[in-house]
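In this note's numbering, the protein residues as written are 1 to 215.
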């Protein structure tokens, strides 16, 4: 079996830790800056580095709903993934204009994360390259707890497949920065393309529920 370049790093993994880097200008002024992340395995070994690309007007005027792309690089700084997030407003008010994030290897679509309208609890589909749903993500009723877990389940919602967990980063970091940390757990034998899409799902969830609004 062949894999998109760079995704062989995900083959034997069942956990990814996403650590958003603290931007001092944003911490002191509140002005939105481009997000950067280090992605490691459960042993703390660097797997990927991720960087946001977005326009300053999008960041200042639309905040965490902004249109942006994320570029994922391996340890040799070779581009491995590209994630595309178009502008979307609040899904609760506009159920026809819900959040989406697409994950690419080069120009090849690997899959996508799509928000599903829900009155109370967050809900998303993980979709393959053909647009077919393969997994469901269900969030909690409240997302302001110290540790917040989003469950990754099979389509019939009978089996838990994994989790996306927002982890407490300490009082100072949580109160004075928007730099978050996430853990993404999935089966070791899951298709690496779907693992990549789950990585994108964690980033989308971070933007939707844990990034503060722009000034």
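The beta-carbon is built from N, C-alpha and C at its ideal position, and this holds for glycine as well.
Could you tell me which of the options sits nearest to residue i, measuring between CA atoms?
i, options, result
"residue 39", "67, 185 and 162", "185"
"residue 71", "115, 106, 150 and 11", "106"
"residue 189", "13, 158 and 6", "13"
"residue 67", "11, 100 and 166", "100"
"residue 83", "204, 210 and 208", "204"
"residue 53", "44, 37, 43 and 112", "37"
"residue 218", "198, 191, 135 and 97", "Residue coverage of the chain in this structure runs from 1 to 215, which leaves residue 218 outside it and unanswerable."
"residue 150", "129, 97, 208 and 191", "208"
"residue 183", "11, 41, 117 and 73", "41"
"residue 131", "35, 97 and 113", "113"
"residue 211", "75, 152, 98 and 20", "20"
Is residue i a contact residue of the ligand SAM, with contact defined as CB to any heavy atom under 7 angstroms?
i, result
"residue 116", "This structure lacks the ligand SAM, and indeed carries no ligand of any kind."
Going by beta-carbon coordinates alone, are residue i and residue j separated by less than 8 angstroms?
i, j, result
"residue 137", "residue 124", "yes"
"residue 140", "residue 121", "yes"
"residue 200", "residue 47", "no"
"residue 5", "residue 80", "yes"
"residue 127", "residue 111", "yes"
"residue 202", "residue 10", "no"
"residue 135", "residue 118", "no"
Given a threshold of 16 other Cβ atoms within 10 Å of its Cβ, counted over all protein chains shown, does residue i qualify as buried or as exposed?
i, result
"residue 156", "exposed"
"residue 193", "buried"
"residue 115", "buried"
"residue 160", "exposed"
"residue 50", "buried"
"residue 172", "The predicted position of residue 172 is uncertain, since its pLDDT is 42 and thus under 50; a value taken from the coordinates is nonetheless stated next. Residue 172 comes out exposed."
"residue 147", "exposed"
"residue 8", "exposed"
Comparing the C-beta of residue i with each C-beta of chain C, is any distance below 8 angstroms?
i, result
"residue 66", "In the structure shown, chain C cannot be found, because there is only a single protein chain."
Q: Can you check the stretch 62-86 for any beta strand (DSSP E) of at least 3 residues that lies completely inside it and give the ranges in chain order?
A: 68-73 and 79-85
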